[in-house]
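Sequence order for the protein chains is A, F, P, Z, D and X.
When you line the first sequence up against our numbering, it's residues 1 to 196, in that order.
When you line the second sequence up against our numbering, it's residues 197 to 392, in that order.
When you line the third sequence up against our numbering, it's residues 393 to 588, in that order.
When you line the fourth sequence up against our numbering, it's residues 589 to 784, in that order.
When you line the fifth sequence up against our numbering, it's residues 785 to 980, in that order.
When you line the sixth sequence up against our numbering, it's residues 981 to 1176, in that order.
Note that CB positions come from ideal geometry on N, CA and C, so glycine has one too.
Remember, it's a predicted structure, so these values are computed and weren't measured experimentally.
Inspection log for the structure reproduced underneath, given as structure tokens.
There are 6 protein chains.
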Amino acid sequence: MTKPISRWPVPEVADLPEDLRARILEVQAKAGFVPNVFLAFAHRPAEARAFFDWHDALMLRDSPTLSRAEREMIIVATSAANDCLYCVVAHGALLRVYARQPMLADQVATNYLKADISERQRAMLAFALKVCKDSGALVDADYAALRGHGFSDDDIWDIGAITGLFGLSNRMANMLSMPPNDEFYLLGRQPREKKS
Amino acid sequence: MTKPISRWPVPEVADLPEDLRARILEVQAKAGFVPNVFLAFAHRPAEARAFFDWHDALMLRDSPTLSRAEREMIIVATSAANDCLYCVVAHGALLRVYARQPMLADQVATNYLKADISERQRAMLAFALKVCKDSGALVDADYAALRGHGFSDDDIWDIGAITGLFGLSNRMANMLSMPPNDEFYLLGRQPREKKS
Amino acid sequence: MTKPISRWPVPEVADLPEDLRARILEVQAKAGFVPNVFLAFAHRPAEARAFFDWHDALMLRDSPTLSRAEREMIIVATSAANDCLYCVVAHGALLRVYARQPMLADQVATNYLKADISERQRAMLAFALKVCKDSGALVDADYAALRGHGFSDDDIWDIGAITGLFGLSNRMANMLSMPPNDEFYLLGRQPREKKS
Amino acid sequence: MTKPISRWPVPEVADLPEDLRARILEVQAKAGFVPNVFLAFAHRPAEARAFFDWHDALMLRDSPTLSRAEREMIIVATSAANDCLYCVVAHGALLRVYARQPMLADQVATNYLKADISERQRAMLAFALKVCKDSGALVDADYAALRGHGFSDDDIWDIGAITGLFGLSNRMANMLSMPPNDEFYLLGRQPREKKS
Amino acid sequence: MTKPISRWPVPEVADLPEDLRARILEVQAKAGFVPNVFLAFAHRPAEARAFFDWHDALMLRDSPTLSRAEREMIIVATSAANDCLYCVVAHGALLRVYARQPMLADQVATNYLKADISERQRAMLAFALKVCKDSGALVDADYAALRGHGFSDDDIWDIGAITGLFGLSNRMANMLSMPPNDEFYLLGRQPREKKS
Amino acid sequence: MTKPISRWPVPEVADLPEDLRARILEVQAKAGFVPNVFLAFAHRPAEARAFFDWHDALMLRDSPTLSRAEREMIIVATSAANDCLYCVVAHGALLRVYARQPMLADQVATNYLKADISERQRAMLAFALKVCKDSGALVDADYAALRGHGFSDDDIWDIGAITGLFGLSNRMANMLSMPPNDEFYLLGRQPREKKS
């Protein structure tokens, strides 16, 4: 497909700083393709680096009460609220892969109240969507609701910060008109899909 | 999956009036399964009949300037605006099948401005979304824009009426908490999918 | 008055299919005039037929806990939310006639919280307006509130379905720019008005 | 009807300051009843006086290019946007009387884009509704549009100030839960109604 | 600064009616400058007089449970909601002066939920903002909440009426494009500022 | 003042990683105090580092057509739209300092259409606010408008990315309930204030 992946110039991988090039080659080896966000954001290496560092700090933090699939769920729900095609499709794929549920991403993107998720996860998404759409209105009761569902203070930080970071990513992707890679659309949809 | 398909009782196909039963058996023969809307709406046969008649009048009308795929596109875009999981997933499948484009439905559901569609189709969806969200604000210029793209007056009626009919269907599906059949999620996603 | 009753062609009654013509002659005999909706929608007979069938199924269903006046109240409140002149004026007239309260329609159309209605009716309209404006956000508590006021499950279906059907009708009337018949404006306003 | 006309105490006319009493007796002589706003606002005589003075300055100003009926039209359209039952009904009556058009008020209150008014009046209401709903977004083009329709600078001031004053009145009427007098509902609806 | 203080002509103080001139000279003697609102509104003396009378009735009423600083707080919060530069800056200055808190106005204007105010004051502003943005939705519970915090019925009237009056003033200031006097920006910001 | 600067624990500067400690000591030496954001965000050092790196990449980039003051203007306008007290007050101070205009920040925070800025700056803020509030609706004309005012493609990236980054920062500050340092409120307000 020849549609450009950004309204701005996209660098060649070979021309990138060593750390970004290594990161891109690593994801390519693992996924079999380079997600467009790596190339489109690399037009500004320092900013790309900050994004990927922040991403890893939030998405790879180990917590018994906030799984990787739940973190992807937050991204999908809030990216849909922000009308971001790239993130809904790319992170929808990751959600399917991590949750091993081929139908979950479409549910969370369209209407999380109708999704096959737990009450606890619904509370998590309600908090995330409030941070996404009206963070100035957060009150004590919002935090108490999450604690009542067993989320730790570190989890709450993560829920809000993931929402914030991908709110930034959504705005960048929309501004760059960055399309999702074709590969993401189908990823994780076959019921017996296994996460490598 | 044992999740109920409606908050209201769902009739047995065998107990339905002859015309509804025939219609259901026909769709089952063609699709290989019975879409939940047929069973959930059949709790009220007269209303179900009216819906399916109206549906056929609008969706099966032949027009050289408004294809079946475009009609499904209208349903997907406006159902997403109405947060209706059933219609986004079920008609997303039909859109993929009729358009033979496995990625189109996710694009239209998330943000039609980023979808791989023509300017003409973008104008069609802009009109549909205005009917969906603020029909009282329609003015002459809105109709003129569609005519400028070659839509006939019959097409314009269809665009608005499809939006209206599925706005009703969205509200029913949301009120009934009607989930999409599992089959719809994957339908038409494989690139070589053929419409039978 | 020579203002057209639709942006689309309006058929002659004599040219209509027998069943629609009979229906129109019946309403004319009863009301003394033909409401514009019958003529404007009849531009597409199959769709008109579906609308009137659906209308009758919902509006004529007998229930000790959901009167005809209450059904009209739902139409007036939600049509006002949808900025639909035809339905506010025409069903406002019907509401006055069925409720035998000459001031009720203006109250319900402007602000149902200030209308002379019962708490039970206020709950009914709150549910209808949620279906009208944000059906994707319906949760169990919304249904429980209606049941707490004595509405049956069949009543709840009717409340939501009437809202949905007239949401479609509102969008059609707005798209067609269909004006109310002059007769509706004054109907039922004289205190001693009797329903024939 | 024994429903109170305000959530706050309502004074006896006999107990009011001389100027307010005179004003009330004058309106009563002319209209045949005392509009509730005179009594409900008179709970605070100084504020009532300011309101009536401001009202007269704006509503009675003579202009060849902004009639009394048009001034009432502004009140009806913006009061409907503010969900104010008292003002929609009471000024709807005055609009019918001044314009000698029994159907105009219902049209303007429900959707001014569908009302039987001129392009010039539509521009006037568009400006008023912008002042009503988003005055901070007014730009030069908004004033130019009115001047292009022949409104003078004094007319523009009036259009905006009437909107502002009745925005205040709407908020007071809603806070007081002030119902319209029964008389207003029917006033000016009979085609041959004459303004005395 | 030579920027005009209104889109309409501004009268000379010497040419104004005696009572308005006296009022202006008095505020000038006290404040050291004439706030632009006095001159810009005086283009229409009768309306200016009504505004200042209404203002004094509401802002100078003595109440042990609603201080002058709290009244200014209401103006600042609601004027920010109405995007009114003049009132946010001018009444922000008055709030700093009356409350003797140099940081309070910026907090209330930006997000009162984050301001250093009491729960009681937060309830007061929640009511005011509901009157400002959605007065038609006021219900009994809103009044009960204020009474629960010790506000009298006269206080509640004041809270709503101040909101209403400055909603009018906000719309006028936005329509006139009335800038705040430069003096207001800094007034009351030095911690040891004393009200003369 | 003893109000906590975050809902989460705040680290001691001495306990921080060397690079963050150095950065904090540097800002303290320059400003005379440590802005709360440095301490509150440092609860998560990796995330804080990413934020400050991203901040520097965007705010310190040299461009003849997008000054540091204009960058701060973007932050103030969009942070006000996000109801973020910390950023409106802290970056309002920086805007005053960089622009050497003591009144500008209050204007931009309240209503940029009334601010003493150029048409070019108004276009810049219109784009930023669209990225902030509705980035999914960006179309070619939005970019063309900026280019028409002489902004380079790099400037446009910066305008959108600053909006995105501070949208994240606004959500974090709101979630942490992070108050601005007292020092920011007065900074740059005295007309002869000099930037060191």
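| Query | Result |
| --- | --- |
| Three-state secondary structure (DSSP) of Trp792 of chain D | coil |
| Cβ of Gly332 of chain F within 7 Å of any chain Z Cβ | yes |
| Min CB distance Lys983 of chain X to chain A below 7 Å | no |
| Three-state class that DSSP yields for Ser177 of chain A in the structure shown | coil |
| Whole-angstrom distance between Arg659 of chain Z and Pro633 of chain Z, CA atom to CA atom | 25 Å |
| Other residues of its chain near Ile271 of chain F: CB distance less than 7 Å, five sequence neighbours each side excluded | Cys283, His287, Ile358 and Phe362 |
| Every unbroken alpha helix (DSSP H) within the region 1097 to 1144 of chain X, with a cutoff of 4 residues, ordered by chain | 1099 to 1114 and 1120 to 1128 |
| Ala1089 of chain X burial status per 10 Å Cβ neighbour count (16 or more: buried) | buried |
| Coarse secondary structure for Phe555 of chain Z, derived from DSSP in three states | Given that chain Z is displayed from residue 589 to residue 784, the structure contains no residue 555 of chain Z and the question cannot be resolved. |
| Straight-line Cα distance separating Glu1163 of chain X from Ser1176 of chain X | Confidence is the limiting factor: at Ser1176 of chain X the pLDDT is only 46, short of 50, which leaves the residue's position unreliable, though a coordinate-based value still follows. Between Ser1176 of chain X and Glu1163 of chain X, the C-alpha separation is close to 16 Å. |
| Contacting positions in the region 599 to 632 of chain Z - beta carbon closer than 9 Å to chain D | His631 and Arg632 |
| Gln1170 of chain X burial status per 10 Å Cβ neighbour count (16 or more: buried) | exposed |
| 7 Å Cβ shell around Ile397 of chain P - same chain, five flanking residues per side excluded | Asn428, Leu431, Ala432, Met570 and Pro571 |
| Residue environment, Asp846 of chain D, which counts as buried when at least 16 other CB atoms sit within 10 Å | exposed |
| Residues of the region 536 to 567 of chain P with Cβ closer than 7 Å to any Cβ of chain F, in chain order | Asp545, Trp549, Gly552, Ala553, Thr555, Gly556, Leu557, Gly559, Leu560, Asn562, Arg563, Met564, Asn566 and Met567 |
| 9 Å Cβ cut-off: residues of chain D touching Val139 of chain A | Leu897 |
| Host alpha helix (DSSP H) of Tyr308 of chain F (start-end) | Looking at the DSSP string, Tyr308 of chain F is not in any alpha helix (DSSP H), and its letter there is neither H nor E. |
| is_contact[Met465 of chain P, chain Z] using C-beta, thresh 7 Å | no |
| Leu930 of chain D burial status per 10 Å Cβ neighbour count (16 or more: buried) | buried |
| 8 Å CB neighbourhood of Val27 of chain A in its chain, flanking five on each side removed | Val34, Pro35 and Phe38 |
| Limits of the alpha helix (DSSP H) - the one that Cys87 of chain A falls within | Leu85 to Ala99 |
| Identity of the residue in X:Arg1029, X:Arg1102 and X:Leu1156 nearest Leu897 of chain D by Cα | X:Leu1156 |
| Selection of the region 680 to 697 of chain Z by Cβ proximity to chain P, strictly under 9 Å | Gly680, Pro690, Met691, Asp694, Gln695 and Ala697 |
| Beta-carbon contacts of Leu281 of chain F that lie in its chain and below 6 Å, excluding the five residues immediately before and after | none |
| Residue of Z:Lys618, Z:Ala711 and Z:Leu682 minimising C-alpha distance to Phe739 of chain Z | Z:Ala711 |
| Amino acids of chain D, ordered along the chain, whose beta-carbon sits closer than 8 Å to that of Arg1102 of chain X | Per Cβ cutoff of 8 Å: no residues; Arg1102 of chain X is ~14 Å from chain D at best. |
| Distance, Ala81 of chain A Cα to Gly1116 of chain X Cα | 10 Å |
| Under 7 Å between C-beta atoms of Gly816 of chain D and Arg880 of chain D | no |
| Whole-angstrom distance between Leu129 of chain A and Leu842 of chain D, CA atom to CA atom | 40 Å |
| Which of helix, strand or coil DSSP assigns to His239 of chain F | coil |
| Coarse secondary structure for Leu168 of chain A, derived from DSSP in three states | helix |
| DSSP-derived helix/strand/coil call for Gln499 of chain P | helix |
| Of the listed residues Z:Ile612, Z:Arg688 and Z:Thr666, nearest to Arg656 of chain Z (C-alpha basis) | Z:Arg688 |
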